[in-house]
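In the numbering used here, the protein residues as written are 12 to 149.
One structure is given below, encoded as structure tokens.
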């Protein structure tokens with residue numbers, strides 16, 4: 012048994028209920044009763060794609076982690092390849108917790124901008140070094 016992570020990108024016109032029903036069908040194949048289990052599922056929602064895929068500019072992202080026997084993967088990936096509403100998927104060996112979605116990162120960085128930044132002696136020394144280097148160039 013190994014830990015895996017999969018990222019699904021569905022067509023953006025699918026409703027959340029449709030995505031959930033498809034995920035349930037995919038995950039049933041993985042959890043065949045031999046101790047396999049889905050450990051985490053995160054719906055990241057609709058996001059803009061880096062490049063068009065099948066004439067789509069956006070996709071509905073879902074990230075899931077699961078624990079299963081590697082023998083289940085070929086049939087699972089065959090099912091994913093046949094799915095018409097799935098733009099892309101990627102299955103990898105998991106190396107830890109689910110990553111924080113980009114939307115949560117922007118919220119935390121916005122909050123960090125509101126808090127005052129403490130400057131210490133290391134930052135002052137770094138600023139002096141930069142000024143000295145600029146003076147030598149000029």
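Glycine included, each C-beta is placed from N, C-alpha and C at the ideal position.
What's the C-alpha gap between residue i and residue j?
i, j, result
"residue 83", "residue 41", "6 angstroms"
"residue 50", "residue 13", "12 angstroms"
"residue 45", "residue 99", "28 angstroms"
"residue 29", "residue 36", "11 angstroms"
"residue 25", "residue 58", "13 angstroms"
"residue 19", "residue 70", "9 angstroms"
"residue 88", "residue 81", "11 angstroms"
"residue 34", "residue 52", "9 angstroms"
"residue 103", "residue 63", "23 angstroms"
"residue 76", "residue 31", "15 angstroms"
"residue 47", "residue 15", "11 angstroms"
"residue 92", "residue 106", "24 angstroms"
"residue 27", "residue 85", "26 angstroms"
Relative to the C-alpha of residue i, which residue among the options is closest?
i, options, result
"residue 68", "23, 105, 32 and 53", "23"
"residue 66", "17, 104, 21 and 38", "21"
"residue 78", "19, 43 and 34", "43"
"residue 90", "16, 15, 31 and 38", "38"
With a CB to CB cut of under 6 angstroms and the five nearest residues on each side skipped, what residues in its chain are close to residue i?
i, result
"residue 126", "Reliability of the predicted coordinates at residue 126 is poor, the pLDDT of 46 falling under 50, and the value obtained from them is presented with this limitation in mind. No residues qualify anywhere along the chain."
"residue 128", "Note that residue 128 has pLDDT 47, beneath the 50 cutoff, so the model's placement of it is unreliable and no number is given."
"residue 54", "73"
"residue 94", "none"
Starting from residue i, trace the alpha helix (DSSP H) both ways and give me its first and last residue.
i, result
"residue 45", "Note, residue 45: premise wrong, no alpha helix (DSSP H); not H, not E."
Could you check where the beta strand (DSSP E) with residue i kicks off and where it finishes?
i, result
"residue 94", "It is not in any beta strand (DSSP E) - residue 94 carries neither H nor E in the DSSP assignment."
"residue 69", "67-79"
"residue 14", "13-21"
Ordered along the chain, which non-local residues of its own chain (more than five positions away) have a Cβ less than 8 angstroms from that of residue i?
i, result
"residue 96", "21, 22, 25, 29 and 33"
"residue 101", "17 and 18"
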